[in-house]
Structure formats: C-alpha cells, structure tokens
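Heads up: the sequence shown begins at 382 in the working numbering, then just goes up one per residue.
By construction, the Cβ of each residue, glycine as well, lies at the ideal position given by its N, Cα and C atoms.
Owing to the predicted nature of the structure, the values given are computational and were not obtained by experimental measurement.
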Amino acid sequence: MGMGERDLEDIVLSWSVDELMDDGLYRGQVEKIPHIFMSLYHYLKSYAAPLIEETRSDLCSCIESISEAPTFTIQSMQEAGKPGLYFMDVESCDSGAGFSTKKYTARNGDIFILSSMKLEAAKDLNRCGVTYCLAMVTEVSLDDECQKGFRLKVAKDIALEGGLNKLRHVIFLNNIMTNLRIWKAICFDSSMNDNFTVIKSLFDPRNMGDDVCANQDGHCVASFTKKLLSINLNQSQVDAIESVISAVQCKHSNLMKLIWGPPGTGKTKTVSAILWALACLKCRTLTCAPTNVAVVGVCTRFLQVFRDFNKNDNENSLPLSLGDVVLFGNKHNMDITEELQDVFLDCRTDELAECFSSLMGWRYKIASMISFFEDSGSQYDMLLDDDGRSDPICFLDFLKKQFNVTATALKKCIMNLLIHLPRNCFSHDNVRNISTLLDLLAKVEDLLCEEVLTDDGVKGCFGFLSIQNSSCTNSASTIEKKLNSAKFKCLQLLKDLQRSLDLPISVDKNWIENYCMRNATLIFCTSSSSYRLHHMKIGPLDVLIVDEAAQVRECELFIPLRLHSLKHVVLVGDDCQLRPMVKSQVCKEAGFGISLFERLVVLDFEKHLLNIQYRMDPRISLFPNVQFYERKILDGPNVMSSVYNKDYASLPFGSYAFINITDGREQKEGTGNSWQNLVEVAVVLHLIQTIFKTWKRTGQGLSIGVISPYSSQVDAIKRKLGKRYDMCDGFHVRVNSVDGFQGEEDDIIILSTVRSNVKGTVGFLADKQRTNVALTRARCA
C-alpha cells in the first residue's frame, strides 16, 4: 500500500461488510511500530496500515451494536456532479436506543450504511436480495437549524446495476474525521503546512538534547517566579514552569519538554501557570488535549488562574480582557459553561458580529447615545405629535426610558468589545475614556432618579428652557447643574471615541472568526481540531502544549506538530495511567497505543516530575506510590493534616475497605461482550444509601464516584440508581467507567470489580495503568 496513493475515505468506502467484520483483514500488513525510525518517510509510513486497521476495527464494533444506531429514511437521492457524490434528503432521525439521551447530529466524516431494508443486526446485510453500501457525509445542509439532507460520497460503482433506486434506509455507524485528518498528516498532504522541523527531530530523538541556552534572561524568569509563588505552587511545579519559560526564551533551539504529572500532583494548575507566563511573554501557544472533555477542563482551570493573577491589575474596574484566549471545537460535543462562553469561538463570533454590525453595531450605539444627549427635546416633540393622547408621557419619564434603553445597549456593546478583543485593540486613551464614560453614564442614571428633579428642570438641561428662567428650588438647580455637567462630559467622550476607535464595521462571521484567531495568543482545541488551524490565516505559533499527552496516539499529534513555524513542544502527562484507546487487537500488538510521551520515556528522555500529591489520604496514596511510582511521590501538607479526613470518621468503613461479596456472579448481558455482576450492583446501592444517611447528619458537602472497568456494569448501576439523589443539594453521585474517570476525583470512590469466578480472574488488573487510575480517584475513602 503506497503512501498517498488512495485516500483513507476511499479505502473505507470500498469495504464490504464481510471485510469490515474480518479481524484478520490487515494482520499481514500491520508491522510492529519501532521506537526509533530510519527516516521521516519511515516514521510517518509506519502509522498508515495501523490507522486503516484501527478504522476498520472501530466501524466493526459499531456494526455489532447496529440495533442501537440512529436511523433515517431516505426521501430522495440524486447525483451531485461527480461520480460517487450524491445529494440525499432524509426524513427526521430515529435516534436509536443508544442515543436516546442525546439528539443525533450529523457531521462531516460520518460513516453511514445505506441499505434497501431496515436492519436489526449486522447479519441482515448478508440476506439474499439486500442491497447496501457504505457512504460518508461530506457536507450537511441545514434548514432553519434542522438537518434536511447531506452530500454523500460513496464507492463509484453504486449507480451501476440499478442499486441506487433500491436504497431506502440510512444507518449511522461512526465518525472517522479524526482518522481522516491523521491520514492527511502522515501522507504529506499539501493542504497542511509542510513544517516538519519538530517531527524530524522525533523519528530518532536520541540526539535531541535538552540544551540550556546561554542567552536566557534570568531576571525575567525570576519576576515570573515571584508571581507564581503567590498561587501556592511547590518547588517541583515552579521548576517545571521555569524550565519551559527558559526554553521558550532560547529562540534558536527546537526543544521538547516532558512534564510528568502523577495523580493529584497539580498537573493542570502547572499547565495553567505556564500558559499565563507565555501569555505575558506574548508567546503564541496552542494547547491541545485528546478529548473535548479534557480541553474544556484545562481551559476552565486556566481561566481561574488567569483571573487570580489579574485580580489586582485590572484598570479602573473594567472587565478582564479575554481576547487573547480562544477555545474552539464542535459545540455539540463540548460542555460550554457560562464561564467558557467568554472564550469559546462560536459565542465570541456571535457577540462580535452584533458589535461590528453596520446597522446596530458599536458606531450606531455611540451615535444613538450622542443623539440622546443632543436631540432628546426634538425626539420628545415628535413623540407628542405622533402620539395624540390626552395624557402624554411627561418629558422626565420619557428621558428616563430613553436613557435606560440607549445606555444599556451601549454598555452591553462596550463590555462585549472589552471582553472579546485583546486590550491592544484599544489605545491607552481609549481605555481611560471608556472607563470615565461608564462612570459618567452611571452618574447620569442616578441623577435622573433624584426625587427633587422636576420636568421643567430637566427640560432646562436638555435644551427646552434655559436654567436661569427655570422657577425651581435651589437644591433642584444643583442637581440640574450636575446633570448638565455630566451630559457635557459624556458628549465629549462619546465624540472622541467615535473619532478614535479603530474597530471593524460591517464584516461577516467568517472574517470575525479569522480576526479572533489572528489576535489570540493562547488557543485551545483537541489535537484533531487543530487541523482547522492549517487552513486559517493566522500568525506563526511558537509553542505547542499537549495536556494528557500520554493518552494521545502518537500519529494524532502529527496534526498540530506540522503547524507553521512551531518551535517548542511541552508534553504533560503520566505514562503510568491509561494509554490511548485502541480497539483493534492487531494494532495493540503493533504498539499503535503507545503515545509519543511513552516512547520518549522508553528512550530515557528526561521527564520533569511533579512530586507532591494533594488529593489522597496517605493511606490511599501509599499503595500506588510504591507500586507505580517507585516511592517518588510525597504527600502534601493538606492530606497529612489531622483534619483532612475528619468529616468521614463516622462512616462504617475507614479510608480503605475491601468488601468480599461471596454470592456475586459474573455474567454477560444479552449478546454483549461486557461483564456485569448484579449482586455487586445491589451492594453499591446499599453503600450509597448508608453513606447518604451519615451525610444527612453531618450536612457537609460530599461527592461519590462509582466506577467499574466494565461498561455493562456501569449501565446496570446507572439504571438502578436512576435520579434518586439528583435533587440532594450537597450530595453528588456519578457513575462512570474507569477509563471515563481519568483526570477526575471524588471524596469517596466505590469500585465495582465485577469478576467472580473459580479461576480468580479479575480481567482489568492485567492492565496496571487501568488499575492505577481506579485506585487514585478517591480523596478520602
């Protein structure tokens, strides 16, 4: 199989279902991936056959659970110009049992089976007279936010033998977009940047020194250290941060740093502090992680640290500018909290589109405010002429109402500009004037609400009568003078901003997206989504930081590593925790699940250890520390404190309890491959109930994580638990697989091991990384 001869999508679409289900299809072509490669070509090519086989294996497991897959009915299908491309209209989707909680949304890269009959199981496809083929979505058309149809790519010979007219049903299998992007990255695809500088240093990293540059600015590093100590970092964290800052300042080297963060050692806090320092240095940095959940997690934590650092530095109580920070990705798969809306690209684009609109944007809102101060009298006259009521609104009430509408709209627009644009989009004078203007507008609002203000008095301020002729009390006259003065200053500032603000107007969303990306210093996305950056006109990126780096397949990192002008890479992770998920047994044997982080560790590349854990009671951390970390991890002062575990002293078990369930029985549910143990399910529910009763007496906040290595057991516990504790404020229970819980922690963890047999086989213990994750999630018990 030659590199680049065929696209991955063409290989996938050519498969029959029998080939898709054949676990031996590529066994002869997938070779063991070495730790050292002979050339750049050898390095990239080594991942081609495993990537094809892993794609096949992934789709194969989706076909096995086809009865749960989202299904559509085809309404019409016609050719779209080229052979193999079709437009297809569909009826609304039947979400399928497996998708009941989440509405299915089609995306580019979705693989469908088109079939002449509705499918209950994979074997239906081999029935006599069934016509089917694989298809891939290349474009989704929307009709008022509803999915109406797709542009599809299919194997070219589908139209022959009249197969097209027989197809009636569409079944979703899986999205392969990440694998398509990796394929482009390993095939020297011309649509991506041809920057192989870092990648070339990785195929034989034995010569890649961790040089210390003589030109470092020691004073700059020291100034960061002083600030870093203010957020309670330990020495190993400060050392890690300083080593990255020093490396980045050393302009002429391409440097790779590994930061080793065992459970609870403040890995994300360390990454956040590194990002803050890089933002201060105006060093453009891309932060990637393997999943949407992980990216959202690291971005959320960074924003907390960023706000802490900037608490006292903010000019005149204006909102903190977040324009230097951008998070982007698929909004359907990301949990975008209110806090993240300030940096999420889709939300930012929507807000700025309103601010930059020619009809209702910032320029219009400033003009409206000027008009309010200059022309309220004539606007009121026009209202009286049009209104014709016998009891017209008095001028003061009219003024309050107009001010409220106009000033509120202007303030909202200004706040959005200040939050969503980097501060360098505003001159120092602009920032000072905006701050003064906002204070004055608040003052005008207060003055208009003064009880002593009369209708005639306010007419004097707004051009109806002169103040001298007004027959008002002295106190009212003082208020009028203040109002007049504030009005005059507001007008000056508004006209000054109208002249001097150099901001876009009348631009489309696409332009705004690129504008935001061009201006950002820190960008967050998954390693797969970084593919979009290859097609954006953005300035050079200096640094790539990969969080949870030991969970990313090495070939997936080729996507961000090829980005234009990248010089430095920081991998942050823990090779003693879970490896990247790999479905294919053939690929597992070939080493496709070994991350770049782990390969460099195997080659004795230096990794910087974060050595103090702040999560686990020492009685919990003891075993993992001895078993997986060679006793290198110290317990933090917080977990050593006598009060750390006091809230749980009344529980009927200590920090660590093994519960022997003699009458449990392991079984497989239906046709599934995963184990469950229903006696253990009952015991888990009993334990939660016992803890709940104790919690009610204490009133302390408490979180419980229930984890199991087997998805069937996770589903069984979720079903039995239902929403029983959802409304208990301060008592939280969540259930997940061990793999799904990496990076998470709770006060109490209940681990359901499930297996119960005479051979004593507890399957998941064979994988020491999964065991490590399972045993390091609990804070207290």
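- Query: Cys-906 by DSSP, collapsed to three states: which one?
  - Reply: strand
- Message: I need the DSSP call for Leu-610, collapsed to helix, strand or coil.
- Response: helix
- Item | Bridge partner(s) assigned by DSSP for Gln-1048 | Gln-1057
- To the nearest angstrom, report how far apart Gln-849 and Ile-815 are at their CA atoms. Summary for Gln-849: the model assigns pLDDT 45, below 50, so the residue's position carries little reliability; its value from the coordinates is reported in the next sentence. Distance between the alpha carbons of Gln-849 and Ile-815 is about 32 Å.
- Message: Per the DSSP calculation, Met-637 is bridged to which residue(s)?
- Response: Val-950
- beta strand (DSSP E) segment containing Gln-456, residue limits: 452-460
- When DSSP labels each residue in this structure, what does Glu-520 get in the three-state scheme? strand
- Quick one: is Ala-1030 buried, meaning 16 or more other Cβ sit within 10 Å of its Cβ, or exposed? exposed
- Backbone CA spacing between Asp-727 and Ser-1089 [nearest angstrom]: 36 Å
- Item | Distance between beta carbons of Gly-704 and Ile-886, contact taken as under 8 Å | Wrong, their Cβ atoms sit about 17 Å apart, outside the cutoff.
- Message: Beta-carbon within less than 7 Å of Leu-440's beta-carbon, same chain only, minus the 5 sequence neighbours each way: which residues are those?
- Response: Leu-401, Ile-492, Leu-554 and Asn-555
- Query: Grouping DSSP H, G and I as helix and E and B as strand, with all else coil, what is Arg-1160?
  - Reply: coil
- Query: Quick one: complete beta strand (DSSP E) runs, 3+ long, within the segment 632-691?
  - Reply: 636-641 and 666-670
- Task: Can you tell me which of Tyr-1025, Leu-791 and Met-715 puts its alpha carbon nearest to the alpha carbon of Pro-999?
- Result: Tyr-1025
- 8 Å contact criterion, which Leu-425 and Ile-567 should meet: CB distance rounded: 4 Å
- Using the C-alpha atoms, what's the distance from Thr-436 back to Lys-648? 32 Å
- Item | Distance, Ile-417 Cα to Val-983 Cα | 11 Å
- Where Ser-908 and Val-1060 are concerned, what is the direct C-alpha to C-alpha distance, given to the nearest angstrom? 41 Å
- Query: Can you list, in chain order, the residues of its chain whose CB lies under 7 Å from that of Arg-562, leaving out five sequence neighbours each side?
  - Reply: Ser-909, Tyr-912 and Ile-940
- Run of the alpha helix (DSSP H) containing Tyr-896, from where it starts to where it stops: 890-900
- Message: Taking the straight line between their C-alpha atoms, what separation do you get for Phe-453 and Met-498?
- Response: 12 Å
- Message: Would Val-579 and Val-1062 be called neighbours here (beta carbons separated by less than 7 Å)?
- Response: no
- Indicate the three-state DSSP secondary structure (helix, strand or coil) for Val-579 in the structure shown. helix
- Between which two residues does the alpha helix (DSSP H) containing Phe-1004 stretch? 999-1009
- Can you name the residues that DSSP bridges to Leu-977? In the DSSP output, where bridge partners are listed per residue, Leu-977 has none listed.
- Task: Kindly identify the DSSP beta-bridge partner or partners of Val-1087.
- Result: Val-1116 and Ile-1131
- Message: Rounded to the nearest angstrom, what separates Ala-1147 and Leu-799 at their Cα positions?
- Response: 54 Å
- Task: Within 10 angstroms of the Cβ of Ile-433, are there 16 or more other Cβ atoms? Answer buried if so, exposed if not.
- Result: buried
- Query: What number of angstroms, rounded off, separates the C-alpha of Thr-1079 from the C-alpha of Gly-1111?
  - Reply: 11 Å
- Measure the alpha-carbon distance for Phe-605 versus Val-676 and round it to whole angstroms. 25 Å
- Neighbourhood of Lys-1101 by C-beta, 7 Å cutoff - its chain only, sequence neighbours within 5 removed: Val-1062 and Leu-1066
- Query: Given a threshold of 16 other Cβ atoms within 10 Å of its Cβ, counted over all protein chains shown, does Ser-481 qualify as buried or as exposed?
  - Reply: Because the pLDDT of Ser-481 is 42, which lies under 50, any placement of that residue in the model is unreliable, and the question is left without a value.
- Spatially closest choice to Ile-919 from Lys-969, Leu-944, Asp-928 and Glu-929, by CA coordinates: Leu-944
- Can you tell me the Cβ-Cβ gap for Gly-678 and Asp-955, rounded? I've got them flagged as a contact below 8 Å. Actually they do not touch by this definition, with Cβ atoms about 15 Å apart.
- Since Ser-1093 is in the alpha helix (DSSP H), which residue starts that stretch and which ends it? 1092-1102
- Query: Could one say the Cβ of Asp-766 lies closer than 7 Å to chain D's Cβ atoms, at least one of them?
  - Reply: The question asks about chain D, but that chain is absent: this structure has only one protein chain.
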